[in-house]
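Asker:
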Amino acid sequence: MAAREVEDIFADILDRAKALDPANVRRWFDNLTVSHLSGGSLEIGCPDEATVQFLRDNCKKSFTRAAQQITGHLITVDFNIVSTDEPGRPSQRRLPGLKLHPDYTFDNFVVGPSNRLGHASCVAVSHSLGNTYNPLFLYGSSGLGKTHLLHAVCCEVRQECDRAVIQFLSCEDFVNRFIRAIETGNLAGFQSQFRTVDALVIDDVQFLREREQSQEEFFHTFNALYNNGKQIILSADSPPGKIPSLEERLISRFNWGLVARIDPPSYETRVAIVQKKAHIRGMNIADEIAEYIAHKVHANIRELEGALTTLYAVASTTGKPITLELAQIAMEGQSESSARYISITDIIEVVTRHFDVRLADLQSKKRSQSITMPRQICMYLARKLTKHSLEEIGGHLGGRDHTTVMHACNKISEAERSDPQMHTLLAELTKQITQVPTA
Ligand code: ADP
Ligand code: MG
Numbered sequence: 024m025a026a027r028e029v030e031d032i033f034a035d036i037l038d039r040a041k042a043l044d045p046a047n048v049r050r051w052f053d054n055l056t057v058s059h060l061s062g063g064s065l066e067i068g069c070p071d072e073a074t075v076q077f078l079r080d081n082c083k084k085s086f087t088r089a090a091q092q093i094t095g096h097l098i099t100v101d102f103n104i105v106s107t108d109e110p111g112r113p114s115q116r117r118l119p120g121l122k123l124h125p126d127y128t129f130d131n132f133v134v135g136p137s138n139r140l141g142h143a144s145c146v147a148v149s150h151s152l153g154n155t156y157n158p159l160f161l162y163g164s165s166g167l168g169k170t171h172l173l174h175a176v177c178c179e180v181r182q183e184c185d186r187a188v189i190q191f192l193s194c195e196d197f198v199n200r201f202i203r204a205i206e207t208g209n210l211a212g213f214q215s216q217f218r219t220v221d222a223l224v225i226d227d228v229q230f231l232r233e234r235e236q237s238q239e240e241f242f243h244t245f246n247a248l249y250n251n252g253k254q255i256i257l258s259a260d261s262p263p264g265k266i267p268s269l270e271e272r273l274i275s276r277f278n279w280g281l282v283a284r285i286d287p288p289s290y291e292t293r294v295a296i297v298q299k300k301a302h303i304r305g306m307n308i309a310d311e312i313a314e315y316i317a318h319k320v321h322a323n324i325r326e327l328e329g330a331l332t333t334l335y336a337v338a339s340t341t342g343k344p345i346t347l348e349l350a351q352i353a354m355e356g357q358s359e360s361s362a363r364y365i366s367i368t369d370i371i372e373v374v375t376r377h378f379d380v381r382l383a384d385l386q387s388k389k390r391s392q393s394i395t396m397p398r399q400i401c402m403y404l405a406r407k408l409t410k411h412s413l414e415e416i417g418g419h420l421g422g423r424d425h426t427t428v429m430h431a432c433n434k435i436s437e438a439e440r441s442d443p444q445m446h447t448l449l450a451e452l453t454k455q456i457t458q459v460p461t462a
């Protein structure tokens, strides 16, 4: 086959693959090249390891189907790195063990008030390993960008200094590897692997809870790295002191450097994120559509992305342009609770009606059980169902401070777990709240 012909076929395959799996389309697909196409095999050339990994993990099926549909033959597809002489494009080949997601870079991260500190500290650390904040501890609820930021740090370090040795893994992976090392009697190998790096980046360290032996090992790893001025970056779903049964000495070490909280994004940040995500996928969406999606979805950024994917999929399967009407149709299927806006007032209304108490009582200083419990339930549900901060919730309930609200949330959450009656009550209230008609 002539080179020209191969390229044309590949262009058709690429178009078909995009149509088959719109969710995973990326702007950079257009830079992929064909390294080999013949004898039932197609090899696609990629600029770096992260791209290869992304395509293997997410796109192998759609590319294989596309190749088979376009050529009419059974074809196996694989992806590999071809060298590019593109200036400014970093080589990612020197650290083959490091799996980085090509989307998760600083460029693709939208900075807003909710994540400014986390972002700035990650940028600072990536420019000077071990010298600024050590350890750096990021925490926040699921889907707010912690993993994204950790990838971005690793990616940036690699661009600045590709000799730096980085270990980046989930805490679960760390624990599993530790267990395997013990089983195979190769603890020394495990230790040298983790204690000789320039940066150790561990995602979701709350996974250490109740794993005493792993905590012990992690403690020594931490000390070895820290004493040698090596960088440690950690993420978790709660601050160090709130991770259940985490040893005191680890809590204290995690607090030595900078602990940065990531909050749910504001409306403006959500709009910017939708636009950024659309851009990464090579989609153009009007501002009003980004605003519509950001208004409908506020729970977590993963859901925001899911909404965009749904929209893209509906557009490409129906062949319709992406309009606000299409967005409204595409998002009709969104679950009510995540799609509709719930205010603290909605919550207070349902809770006061259920307990037959007045709002003024909830806002008063009264501390009798008959008032305290509904008040705490309001706080808990507001935390769960709205994106208001602890301060804002406290403000609605008689100007209580954030520690009071946090205490209430923990208490009710604990009761929800341990007391079936409370569990049922909260489920019933939630149902009523999410059914309150809004204007
Ligand atoms: P976490 O690790 O906190 O659960 P992730 O890092 O996995 O969250 O983020 C979930 C999704 O949201 C990812 O696709 C990520 O790219 C995206 N995301 C989160 N925050 C931002 C942001 N500020 N800008 C752009 N994308 C974001
Ligand atoms: Mg994560």
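Per the working numbering, the sequence shown starts with residue 24, numbered consecutively.
Where a beta carbon is used, it is the ideal one built from N, C-alpha and C, also for glycine.
Note that the structure is a prediction, hence the values are computed from the model and not measured.
Evaluate contact between the stretch 43-60 and the stretch 320-335, counting only Cβ atoms and requiring at least three cross-stretch pairs below 8 Å.
Answerer: Verdict: yes, contact present.
Asker: How about residue 165: is its Cβ closer than 8 Å to a heavy atom in the ligand MG?
Answerer: At least one heavy atom of the ligand MG is nearer than 8 Å to the Cβ of residue 165, so yes.
Asker: Measuring alpha carbon to alpha carbon, tell me which residue in 273, 99 and 40 is nearest residue 89.
Answerer: Closest by alpha carbon: 40.
Asker: Should residue 405 and residue 367 be called a contact, given that it needs their Cβ atoms to be closer than 9 Å?
Answerer: Contact: yes.
Asker: Return yes when the C-beta of residue 227 is under 8 Å from any heavy atom of the ligand FMN, and no when it is not.
Answerer: In the structure shown, the ligand FMN is absent; the only ligands present are the ligand ADP and the ligand MG.
Asker: Taking the alpha helix (DSSP H) that residue 92 belongs to, which residues open and close that run?
Answerer: Residue 92 -> alpha helix (DSSP H) spans 83-94.
Asker: Would you call residue 171 buried or exposed, if buried means 16 or more other Cβ atoms sit within 10 Å of its Cβ?
Answerer: Per the 10 Å Cβ criterion, buried.
Asker: In this structure, how does DSSP classify residue 101 when only helix, strand and coil are distinguished?
Answerer: If DSSP states are grouped into helix, strand and coil, residue 101 belongs with the strands.
Asker: Let me know if residue 454 comes out buried or exposed under the rule of 16 or more other beta-carbons within 10 Å of its beta-carbon.
Answerer: Looking at its Cβ environment, which holds fewer than 16 other Cβ atoms inside 10 Å, residue 454 is exposed.
Asker: When burial is assigned at 16 or more other CB atoms within 10 Å of the CB, is residue 34 buried or exposed?
Answerer: Exposed is the call here.
Asker: With contact counted as at least three CB pairs below 8 Å, one residue from each stretch, are the stretch 219-235 and the stretch 176-193 in contact?
Answerer: Judged by Cβ distances under 8 Å, the stretch 219-235 makes contact with the stretch 176-193, as three or more pairs qualify.
Asker: Report the CB separation of residue 160 from residue 70 in whole angstroms; it is logged as a contact under 8 Å.
Answerer: Not a contact, Cβ separation roughly 33 Å.
Asker: What span of residues does the beta strand (DSSP E) with residue 69 cover, start to end?
Answerer: 64-69 is the span of the beta strand (DSSP E), which, as asked, contains residue 69.
Asker: Starting from residue 258, trace the beta strand (DSSP E) in both directions and tell me its first and last residue.
Answerer: 254-259 is the span of the beta strand (DSSP E), which, as asked, contains residue 258.
Asker: If we count Cβ pairs, one from each stretch, closer than 8 Å, do we get three or more for the stretch 195-213 versus the stretch 153-169?
Answerer: These segments do not touch.
Asker: With H, G and I counted as helix, E and B as strand and the rest as coil, what does DSSP make of residue 220?
Answerer: Reduced to three states, the DSSP call for residue 220 is coil.
Asker: Taking residue 25 as the reference, give the member of 53, 57, 42 and 38 with the closest Cα.
Answerer: Of the listed residues, the one whose Cα sits closest to residue 25 is 57.
Asker: Would you call the stretch 121-131 in contact with the stretch 279-296, where contact means no fewer than 3 C-beta pairs closer than 8 Å?
Answerer: No: fewer than three Cβ pairs fall under 8 Å.
Asker: Which partner residues of residue 214 appear in the DSSP bridge assignment?
Answerer: According to DSSP, which records beta bridges pairwise, residue 214 is partnered with nothing at all.
Asker: Kindly examine the ligand MG and report whether one of its heavy atoms sits closer than 8 Å to the Cβ of residue 170.
Answerer: The answer is yes for residue 170.
Asker: Could you check the C-alpha separation between residue 218 and residue 77 for me, to the nearest Å?
Answerer: Roughly 29 Å between the two C-alpha positions.
Asker: So, with DSSP's three-state summary, where would you put residue 193?
Answerer: The answer is strand: DSSP assigns residue 193 an E or B state.
Asker: Would residue 257 and residue 158 qualify as a contact pair, given that the criterion is a beta-carbon distance under 9 Å?
Answerer: The answer is yes: Cβ separation under 9 Å.
Asker: Indicate the three-state DSSP secondary structure (helix, strand or coil) for residue 226 in the structure shown.
Answerer: Correct three-state label for residue 226: strand.
Asker: Using a Cβ-Cβ cut-off of 7 Å (strictly less than) and excluding sequence neighbours within five positions of residue 427, which residues of its own chain qualify?
Answerer: 417, listed in sequence order.
Asker: Any heavy atom of the ligand ADP within a distance shorter than 8 Å of the CB on residue 127?
Answerer: Yes - the ligand ADP has a heavy atom lying nearer than 8 Å to the Cβ of residue 127.
Asker: Any heavy atom of the ligand MG closer than 8 Å to the CB of residue 137?
Answerer: Incorrect: residue 137 has no Cβ contact closer than 8 Å to the ligand MG.
Asker: When you compare each of 163, 104 and 152 to residue 138 by their alpha carbons, which one comes out closest?
Answerer: It is 163 whose Cα lies nearest to the Cα of residue 138.
Asker: Compute the Euclidean distance between the alpha carbons of residue 30 and residue 36, then round it to the nearest angstrom.
Answerer: So the two alpha carbons sit approximately 10 Å from each other.
Asker: On the DSSP bridge list, what partners appear for residue 284?
Answerer: Beta-bridge pairing links residue 284 to 162.
Asker: From which residue to which residue does the beta strand (DSSP E) around residue 56 run?
Answerer: Residues 56-61.
Asker: What is the DSSP secondary structure of residue 179, reduced to helix, strand or coil?
Answerer: Three-state result, residue 179: helix.
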